[in-house]
Amino acid sequence: MDFSVISDNLNYMAGGLWLTFEIAVMAVTGGLAWGIFLGLGRLSSIRLIYYPASLYVHFFRGIPLILVIFWIYFLVPVFLGKSMGQLPAVVLSFILYEAAYFAEIVRSGIQSVPVGQKRAGLATGLRPLQITLHVVLPQALKKMVPALVTHCVVVFQDTSLAYVIGLRDFLRRVNLVDAREARSVELYLFAACVYFILCALGTFLGYYLESQPRVKDTQ
504 MDFSVISDNL NYMAGGLWLT FEIAVMAVTG GLAWGIFLGL GRLSSIRLIY YPASLYVHFF
564 RGIPLILVIF WIYFLVPVFL GKSMGQLPAV VLSFILYEAA YFAEIVRSGI QSVPVGQKRA
624 GLATGLRPLQ ITLHVVLPQA LKKMVPALVT HCVVVFQDTS LAYVIGLRDF LRRVNLVDAR
684 EARSVELYLF AACVYFILCA LGTFLGYYLE SQPRVKDTQ
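When the letters of the sequence shown are read in order and numbered with my numbering, they come out as residues 504 to 722.
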């Protein structure tokens, strides 16, 4: 095996890795923001909010991400009447899809906050919305951190699907180098090591945060 192919093309592949990080960051940021609203909707007692939010979550959790990417990239331009760029299509697909998973993490986190915290908020004269935003949600987010970090690792792994529409992310650039150099074993072994190391670091971070002692909840 000749691993010089990696050093010879390292800068080119590193550019794709940077793009992969950008996709992951935008997907996590947008997906979490939209997921918080969906998670709150899943806990709402108002049917017009609860059922659409629940339908959204169950729908996207029941289909593969690659299908969403194809829908956004090929169908949205049909309705808009103009082509949609590869990067915007991928990012939008990830946000819509990952939000469904973030919503369930948010919902579980909010439900883990003791009822006594809500009662304490009511006792101080806060309105239900104020209690949710200023009392419940901040505590829930702290409890959700390990699960959020773990899912961020999953999102980073999923970014490899961006290659299906030709976006030159890390895996796509590895594939292009292989098409030119014909060094599949070396290149894909290198790609596997990169994904493994980065995902392992994220996983260990999630384990570390999960193992940290927490202040005992007030019932």
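C-beta atoms are modelled at their ideal positions from N, C-alpha and C, and glycine is treated no differently.
It is roughly 13 Å from the alpha-carbon of residue 574 to the alpha-carbon of residue 665. For residue 668, there is no enclosing alpha helix (DSSP H), as DSSP gives it neither H nor E.
A straight line joining the alpha-carbon of residue 606 with that of residue 685 spans about 43 Å. Around the beta-carbon of residue 657, fewer than 16 other beta-carbon atoms lie within 10 Å, marking it exposed. With a contact defined as Cβ atoms closer than 8 Å, residue 572 and residue 638 miss out at about 38 Å.
For residue 533, the uninterrupted alpha helix (DSSP H) run begins and ends at 513–545, by DSSP. Annotated three-state conformation of residue 621 is helix, per DSSP. Here the C-alpha atom of residue 593 lies approximately 10 Å from the C-alpha atom of residue 587. From the listed residues 680, 522, 710, 544, the smallest Cα separation to residue 506 is found for 680.
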